[in-house]
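I have placed the structure first, in the form of C-alpha cells, so that the comments after it can refer back to it.
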Amino acid sequence: AAAREAGGGAAPGLGPGRGRAGPPPLHPPPPMEPAAEQQQQLRSLRDFLLVYNRLTELCFQHCVCNLNYRLLTGQEETCLDACAGKLVRSNHRLMRAYVGLMPSLLQRRAANTQPSTTQDGPPAALMATGGQGSLPDPPKGSGP
1 AAAREAGGGA APGLGPGRGR AGPPPLHPPP PMEPAAEQQQ QLRSLRDFLL
51 VYNRLTELCF QHCVCNLNYR LLTGQEETCL DACAGKLVRS NHRLMRAYVG
101 LMPSLLQRRA ANTQPSTTQD GPPAALMATG GQGSLPDPPK GSGP
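Take 1 as the starting number for the sequence shown in UniProt numbering and just add one per residue.
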C-alpha cells in the first residue's frame with residue numbers, strides 16, 4: 001500500500017502487475033475491504049515494531065557496557081553500527097527467502113484446501129478416524 005501511495009504501483013486502469021517491468025504476480029491478492037486493509041497495515045506495523053525493538057534490545061545488551069555517560073563511546077558506537085547492520089542484513093536475507101518461497105507455499109495451500117471443498121474422499125476418511133489414523137497411499141500412477 002505504501003508503494004501505491006508513493007506512486008510505485010501500477011498505472012491507473014492497468015490492474016495489478018501491469019505497467020511495471022517484470023511478470024505479473026502469480027496470484028494477485030483478493031481486494032480487501034478498507035477495515036481489513038487497515039487491520040493488515042496495523043499488523044504489519046506491529047510486526048515491524050517488534051523486530052525493531054528486538055534488534056535494539058539485542059544490540060544494546062551486546063554493545064553498551066558503561067551507563068555512566070550520556071553519550072556513546074566510540075567503541076560502543078562502532079559496535080552498535082556493526083550489530084545493527086548485521087541484523088538488518090540478516091532480516092533482508094530472510095525476507096528475500098520468504099518472498100521467494102511464498103508463491104509455492106500459497107499454491108500448496110490452495111491445492112490442499114481445494115480437494116477438501118470439491119470431493120468427499122480424504123477429509124471424510126480423516127473424520128472417520130478422528131484425525132488420528134493414516135490413510136493408505138494412493139496407487140501409483142494416479143494423482144492430480
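From the three backbone atoms N, C-alpha and C, an ideal C-beta is built for every residue, glycine too.
- In this structure, L58 sits away from L94, with a CB-CB distance that is not shorter than 8 Å.
- For V51, the secondary structure class from DSSP, reduced to helix, strand or coil, is helix.
- Looking at Y52, H62, G100, the one whose alpha-carbon comes closest to that of T78 is H62.
- Between V51 and N91, the C-beta spacing is below 8 Å.
- For L49 against A84, the beta-carbon gap comes to about 16 Å, at or over 8 Å, which does not count as contact.
- Going by beta carbons, L71 and L80 fall outside the 8 Å limit.
- In the three-state DSSP reduction, C59 falls in the helix class (H, G or I).
- E76 sits in a helix when the DSSP states are folded into three classes.
- Under the three-state reduction of DSSP, Y69 is assigned to coil, being neither helix nor strand.
- M102 and R96 have their C-alpha atoms spaced approximately 10 Å apart.
- Here V99 carries a helix assignment [DSSP, helix/strand/coil].
- In the same chain as R43, and ignoring 5 residues on each side of it, no C-beta atom comes closer than 7 Å to its own.
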